[in-house]
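Scroll down for the structure; my scribbles are underneath it.
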Amino acid sequence: MDSKSTSYETAINMSETESTKQKSSSGAPIIATTKTISHNQKGGWRRGLSIFDFILRLCALATTLAAATAMGTTEETLPLFTQFFQFQASYDDLPAFSYFVVANAIASAYVVLSLPFSIVCIVRPHLVGVKLLLLILDTVMVAFTTAAAAAAAAIVYLAENGNSTTQWVAICQQFGDFCQRVSGAVVASFIAAFIFIILVVFSAVTLRRA
């Protein structure tokens, strides 16, 4: 009786061990496949954001370059002038407008230099260091372009409306073309600042889910 019971228990243990191995071996590929699918889905999601990031940078390049070019080429001379007096308005007559041109030119150069890094993020969406660098520099560009646009907007407001307290005369009634061009440049710079804000938000979201 003892020998029979011992052999019976051994058979049960062997069958349980074999069934356990079969379950573990059959379950392993399923787990690996699930991880691979999840990894591919995350990679595709990050690559899509990187492509959108590249498109936004092209838009930022267009707006900053347009703002700098429009302001830098703005000049108007009134037809009524004498031998000794000439009524002329130019962007470099005001330091705020000169700073505006420099700031948007720097922002344009930065966007051009950042495009290769954006392409690298498309090819390798799991890189964190490059995205962190772009996030920091984009934040700097937000402050840079916003300050330039705000300073120029204050001058444009004075040119349009004047100031009765300080007796500053509105010059846009005489220099209409000049005011239209500088106003368009300011609008383009604010659009560029808004695009940089979107870039910062997208970079932050990508890094948070990395």
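Using the UniProt record's numbering, the letters of the sequence shown map in sequence onto residues 1 to 210.
Every residue, glycine too, gets a C-beta built ideally from N, C-alpha and C.
Original post:
Anyone know if the C-beta pair for VAL186 and VAL156 falls short of 9 angstroms?
Top reply: Residue mapping note: residue 186 aligns to position 186 of the sequence shown, counting from 1. Residue mapping note: residue 156 aligns to position 156 of the sequence shown, counting from 1. For VAL186 and VAL156, yes; Cβs fall inside 9 angstroms.
Original post:
Which residues in the same chain have their Cβ closer than 7 angstroms to the Cβ of LEU135, if we skip the five residues on either side of it in sequence?
Top reply: Working through the sequence shown from its first residue, we reach residue 135 at position 135. Counting only Cβ-Cβ distances below 7 angstroms, and skipping sequence neighbours, we find VAL200, SER203, ALA204, LEU207.
Original post:
Which of the three DSSP states, helix, strand or coil, is assigned to ALA170?
Top reply: Here residue 170 is taken as the residue at index 170 of the sequence shown, counted from 1. ALA170: coil per DSSP, three-state reduction.
Original post:
In the structure shown, what three-state DSSP assignment does SER90 receive?
Top reply: Sequence index remark: in the sequence shown, residue 90 carries index 90 (1-based). Looking at SER90 - three-state DSSP - the assignment turns out to be strand.
Original post:
Tell me which same chain residues have a C-beta within less than 8 angstroms of the C-beta of ALA154, skipping the five on either side of it?
Top reply: Position 154 of the sequence shown, counting from 1, holds the residue named residue 154. These residues qualify, in order along the chain: ALA96.
**OP:** Enumerate in chain order the residues of its own chain whose CB-to-CB distance from ALA105 is below 7 angstroms, with the five nearest sequence positions on each side excluded.
**Re:** As a first step, residue 105 is located in the sequence shown; it is residue number 105 there, counting from the start. Closer than 7 angstroms at Cβ, skipping near neighbours: ALA68.
Subject >> Residue ranges of each alpha helix (DSSP H) within the UniProt domain "Casparian strip membrane protein" (47–194), 4 or longer >> reply: 95–123, 129–161
Subject >> Among PHE117, THR166, LEU94, ILE191, nearest to THR145 - alpha-carbon criterion >> reply: Residue 145 sits at position 145 when you count from the first residue of the sequence shown. For THR145, the closest alpha carbon among the candidates PHE117, THR166, LEU94, ILE191 is that of ILE191.
**OP:** Could you check the C-alpha separation between ALA159 and ILE119 for me, to the nearest Å?
**Re:** Indexing the sequence shown from 1 puts residue 159 at position 159. Indexing the sequence shown from 1 puts residue 119 at position 119. Approximately 43 angstroms, taken between the alpha carbons.
Subject >> Status (buried if at least 16 other CB within 10 Å, exposed otherwise) for ASP138 >> reply: Start at 1 with the first residue of the sequence shown, and residue 138 comes out as number 138. Looking at its Cβ environment, which holds 16 or more other Cβ atoms inside 10 Å, ASP138 is buried.
**OP:** Tell me whether PRO125 is buried or exposed, calling it buried when 16 or more other Cβ atoms sit within 10 Å of its Cβ.
**Re:** Residue 125 sits at position 125 when you count from the first residue of the sequence shown. Buried, by the Cβ-count rule.
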